[in-house]
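A.B. asks: Using the numbering used here, you'd call the opening residue of the sequence shown number 941 and step up by one each time.
Just so you know, even glycine gets a beta-carbon here, dropped at the ideal spot from N, CA and C.
These figures come from a predicted structure and were not determined experimentally.
Before I ask anything, let me first share the structure, which is written out below as structure tokens.
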Amino acid sequence: MNFYKLLGVPFNATEDEIKKAYRKKVKLFHPDINPNGKEIFKILNIAYETLTDPQKRLEYDKLINKSSPIRFVEEKIFDFLGFTDKPQKGSDIKTTVEITLEEGILQKEKTIVYKRKVKCPECEGNGITKESIIEKCDKCNGLGRVNTKIGNILCLKCLGKGFIVKNPCKTCQGLGYVKKDQYLTFKVPLGVQTGDKLIVKNMGNEGSNGGESGDLIIRFKLNTGIYEKFGTDLILKIQLEKDLSNYQYIRVKNPLKETIEVKIPAGISKGTLLKIKGEGYITKSGTRTDLYIKFV
941 MNFYKLLGVP
951 FNATEDEIKK
961 AYRKKVKLFH
971 PDINPNGKEI
981 FKILNIAYET
991 LTDPQKRLEY
1001 DKLINKSSPI
1011 RFVEEKIFDF
1021 LGFTDKPQKG
1031 SDIKTTVEIT
1041 LEEGILQKEK
1051 TIVYKRKVKC
1061 PECEGNGITK
1071 ESIIEKCDKC
1081 NGLGRVNTKI
1091 GNILCLKCLG
1101 KGFIVKNPCK
1111 TCQGLGYVKK
1121 DQYLTFKVPL
1131 GVQTGDKLIV
1141 KNMGNEGSNG
1151 GESGDLIIRF
1161 KLNTGIYEKF
1171 GTDLILKIQL
1181 EKDLSNYQYI
1191 RVKNPLKETI
1201 EVKIPAGISK
1211 GTLLKIKGEG
1221 YITKSGTRTD
1231 LYIKFV
């Protein structure tokens, strides 16, 4: 039986971490509290005594870490599937956030919400609660490994743990994690463009076995609204007949919703571009680009 998996600690856990995990498990499976926990309570004590005694732990580690070509391959496969004692970094989360021109110019704060995997608060990430019943795996007889024609390999029934959990944690269905709404407030990068990315460290899915969390990768999409991109500048289309009849000036709004009065040049015609300097978007260096009025 894999004592590390039973206690829910990584292979490189410190003695303090082992003691802390043991105390939590004992509270769940003490026979006075949990009638179904008698057998697992005994095993917990053996695991604790083994892993807190330096010499016993060294011998135990040698026993479960005998190397072979088969074991190397199977460990790589199980690591990939997430069935491992080693610290596992959480996966990254990717999300797309739409940004307005005003937000990109003023670097406004923006709050988003997304789903994130976190350690189950009910079972603390191991899928076991006081209602759970833990039985020795009958496929490998609690060893976590079985003999086959190709050698001694990890037991696929218990995934190398040596035990089967019946009636696992109802909150996470035995997965060890739950999905929760995560709120994040960040400052919009100056002059952000479609396709730009912002990486927020350790705000992805939580890791397991003491591994660090993944990252949150925010990909931006710039919403230009009533404007069209014109290189680094912006274009605002104006209907010539509708908006210019009997007027020498027109009023338009820039991306900050500020009103600008623009003089209409003589001989204006459809297709004419009228440049308004410094009233467009903004570059990453902080320079305001130009706004063009296009008469259509």
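Following the continuous alpha helix (DSSP H) through R1228, name the residue where it begins and the one where it ends.
C.D. replies: Taken as a continuous stretch (DSSP letters only), R1228 belongs to no alpha helix (DSSP H), as it is neither H nor E.
A.B. asks: Relative to the C-alpha of G1225, which candidate in E1146, A1206, V1132 and C1060 has its C-alpha closest?
C.D. replies: Looking at the sequence provided, one finds Ser at residue 1225 rather than Gly. Of the listed residues, the one whose Cα sits closest to S1225 is V1132.
A.B. asks: Identify, in the order they occur along the chain, each residue of the same chain with its Cβ nearer than 6 Å to the Cβ of T1125, setting aside the five sequence neighbours on each side.
C.D. replies: E1049 and T1051
A.B. asks: Would you list, in sequence order, the uninterrupted alpha helix (DSSP H) runs of no fewer than 4 residues that lie entirely inside the region 1026 to 1107?
C.D. replies: 1041 to 1046
A.B. asks: Return yes when the Cβ of G1067 is within less than 8 Å of the Cβ of P1108, no when it is not.
C.D. replies: It is a contact, given that the beta carbons lie within the stated cut-off.
A.B. asks: Can you find the residues in the same chain that come closer than 6 Å, C-beta to C-beta, to D1121, ignoring five residues on each side of it along the sequence?
C.D. replies: V1053
A.B. asks: Give a yes or no on whether the C-beta atoms belonging to E1043 and L1196 are separated by under 8 Å.
C.D. replies: no
A.B. asks: Below 8 Å between beta carbons: does that hold for V1290 and K1210?
C.D. replies: There is no way to answer for residue 1290, as the model of the chain reaches only from 941 to 1236.
A.B. asks: Could you please give the first and the last residue of the uninterrupted alpha helix (DSSP H) stretch that includes Y962?
C.D. replies: E955 to F969
A.B. asks: Is there contact between the region 1202 to 1209 and the region 1140 to 1151, where contact requires at least three CB pairs shorter than 8 Å?
C.D. replies: no
A.B. asks: Mind checking if E1062 is an interface residue toward chain C, Cβ cutoff 8 Å exclusive?
C.D. replies: Note that chain C does not occur in the displayed structure, where there is just one protein chain.
A.B. asks: Considering just the uninterrupted stretch of the alpha helix (DSSP H) at F943, what are its terminal residues?
C.D. replies: F943 to L947
A.B. asks: Just tell me which of T1036, T1040, P950 and K965 has its CA closest to the CA of N1194.
C.D. replies: Among T1036, T1040, P950 and K965, the Cα nearest to that of N1194 is on T1040.
A.B. asks: Do you know whose CA, among E1219, I1175, K967 and E999, lies nearest F943's CA?
C.D. replies: Ranking the options by Cα distance to F943, first place goes to E999.
A.B. asks: With distance defined between alpha-carbon atoms, name the residue in C1077, Q1047, Y1123 and K945 nearest to K1097.
C.D. replies: Here the closest residue by C-alpha is C1077.
A.B. asks: Let me know the secondary structure DSSP gives Y999 once reduced to three states.
C.D. replies: Correcting the residue identity first, residue 999 is Glu in this sequence and not Tyr. Correct three-state label for E999: helix.
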